[in-house]
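*Asks:* Okay, handing you the structure first.
Residue numbers (this note's numbering): 904 to 952.
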């Protein structure tokens, strides 16, 4: 799974704000899910690199 999230930015004294000033970052997560016979999640584990 790849997650994109908003990252912190330094404060400024701009007279206006805009989403164009926002920063984003991404993180990748790798995991195995354990499913029961009805395909419901009953457990799992994620891997850290």
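Heads up, the beta-carbon is just placed ideally off N, CA and C, and yes, glycines get one too. Quantities reported herein were computed from a predicted structural model and do not represent experimental measurements.
Would you give the residue range spanned by the beta strand (DSSP E) that residue 908 belongs to?
*Replies:* 905 to 910
*Asks:* At the level of alpha carbons, what is the spacing between residue 920 and residue 942?
*Replies:* 46 Å
*Asks:* I want to check one thing, is the minimum distance from the CB of residue 934 to the heavy atoms of the ligand MG below 6 Å?
*Replies:* This structure lacks the ligand MG; in fact it carries no ligand of any kind.
*Asks:* Per DSSP, residue 948 forms a beta bridge with which residues?
*Replies:* 935
*Asks:* Taking just the CA atoms, how far does residue 930 sit from residue 948?
*Replies:* 17 Å
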